[in-house]
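Residues 2 to 148 in the numbering used here are what the sequence shown spells out, letter by letter.
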Amino acid sequence: MHDLTQVMSAVIQRTGKIELPSAGISMYPLIKEGNVSTFLSMQREELKLGDICLFVTDQGALIGHRLYAVKQDGSKELFIFKGDTCYEPDDPVPFTSILGRWSGVRRNNHFQAANHWRSMLLAVLALRVPKWHKVIRWCAVKNERSM
């Protein structure tokens with residue numbers, strides 16, 4: 002287990018949640034650069050496709066992306082995540098690398114919960130509309146250039 006995983010796991014176990022600022026455009030427009038996301042501790046049985054989770058990669062990077070698939074590799078269950086604007090999914094990770102489930106995002110002194118209709122609509126679009134990631138990535142890049 003990476004040191005980062007241990008530290009983040011300890012924080013989430015002690016407080017039940019962790020709040021982290023976002024970097025990049027991988028979850029645009031739901032989560033934008035600088036927004037503060039809240040992740041809560043959770044059990045395996047609570048996870049469902051479309052959830053955004055905080056996880057640590059094999060390289061030690063801390064990522065918050067959407068759960069797209071769960072696959073079996075022998076006796077091991079692996080979780081496949083992908084950013085909403087990303088072309089390719091992340092490398093599969095075991096449940097032990099998942100630190101928490103996204104409960105919402107704070108921006109401009111407003112909190113948008115994971116169960117808000119906008120959050121849920123974006124989850125459905127990301128999971129079910131082919132090429133959605135290309136449209137959203139184009140919007141994200143265009144928005145970033147106009148700033």
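Every residue gets a Cβ at the ideal spot worked out from N, C-alpha and C, and that includes glycine.
Query raised in the report: Over what stretch of residues does the beta strand (DSSP E) that includes A114 continue unbroken?
Result: Residue 114 sits at position 113 when you count from the first residue of the sequence shown. In the DSSP assignment, A114 falls within the unbroken beta strand (DSSP E) covering H111 to A114.
**Report entry** Where H134 sits in the DSSP three-state scheme
**Finding:** Start at 1 with the first residue of the sequence shown, and residue 134 comes out as number 133. In the structure shown, H134 sits in a helix (DSSP, three-state: H, G or I).
Query - Y69 versus Q7, S76 and I81, residue with shortest Cα-Cα distance - result: Within the sequence shown, the letter at position 68 stands for residue 69. Comparing Cα-Cα distances from Y69 to each of Q7, S76 and I81, the minimum goes to I81.
Query raised in the report: Near D4, which residues of its chain fall below 6 Å by C-beta distance, leaving aside the five closest residues on each side in sequence?
Result: Here residue 4 corresponds to residue number 3 of the sequence shown, with the count starting at 1. Taken in chain order, the list of residues that qualify is empty.
Report task. Note down, in chain order, each residue of its chain lying with its Cβ closer than 7 Å to the Cβ of Q113, except the 5 sequence neighbours on either side. Result -> If you number the sequence shown from 1, residue 113 lands on position 112. Around Q113: G105, V106, R119 and S120.
Query raised in the report: Taking the alpha carbon of E47 as the point to measure from, which residue in L63, E34, I99 and H134 has its own alpha carbon closest?
Result: Locating residue 47 in the sequence shown gives position 46, where the first residue counts as 1. Comparing Cα-Cα distances from E47 to each of L63, E34, I99 and H134, the minimum goes to I99.
Query raised in the report: Where do the ends of the beta strand (DSSP E) carrying L21 lie?
Result: On the sequence shown, position 20 is the one that residue 21 refers to. K18 to P22 is the span of the beta strand (DSSP E), which, as asked, contains L21.
Query raised in the report: In whole angstroms, what separates the C-alpha of S38 from that of P22?
Result: Taking the first residue of the sequence shown as 1, we reach residue 38 at position 37. Taking the first residue of the sequence shown as 1, we reach residue 22 at position 21. When rounded, the distance between both Cα atoms is 6 Å.
Report task. State the DSSP-derived secondary structure class of K62, mapped to helix, strand or coil. Result -> In the sequence shown, the residue the question calls residue 62 occupies position 61. What sits at residue 62 in the sequence shown is Ala, not Lys. Note: A62 maps to coil in three-state DSSP.
Query - Pairwise C-alpha distance: A127 and M43 - result: Reading the sequence shown from its first residue, position 42 is the one you call residue 43. Reading the sequence shown from its first residue, position 126 is the one you call residue 127. Cα to Cα, the separation comes out at about 22 Å.
**Report entry** Beta-carbon gap between P95 and L79 smaller than 8 Å
**Finding:** For the purposes of this step, residue 95 is taken as the residue at position 94 of the sequence shown. For the purposes of this step, residue 79 is taken as the residue at position 78 of the sequence shown. Against a cut-off of 8 Å, the Cβ pair of L79 and P95 comes out as a contact.
**Report entry** According to DSSP, residues forming a beta bridge with T184
**Finding:** Outside the shown range of the chain, which is 2 to 148, sits residue 184, and nothing can be said about it.
Query raised in the report: If A141 and I26 are in contact, beta carbons under 8 Å, what's the gap, nearest whole angstrom?
Result: Reading the sequence shown from its first residue, position 140 is the one you call residue 141. Reading the sequence shown from its first residue, position 25 is the one you call residue 26. Sure, about 4 Å apart at Cβ, within 8 Å.
Requested in this report: For C140, name the three-state secondary structure that DSSP assigns.
Outcome: What you label residue 140 is simply residue 139 of the sequence shown in a count that begins at 1. In this structure, C140 counts as helix in the three-state DSSP scheme.
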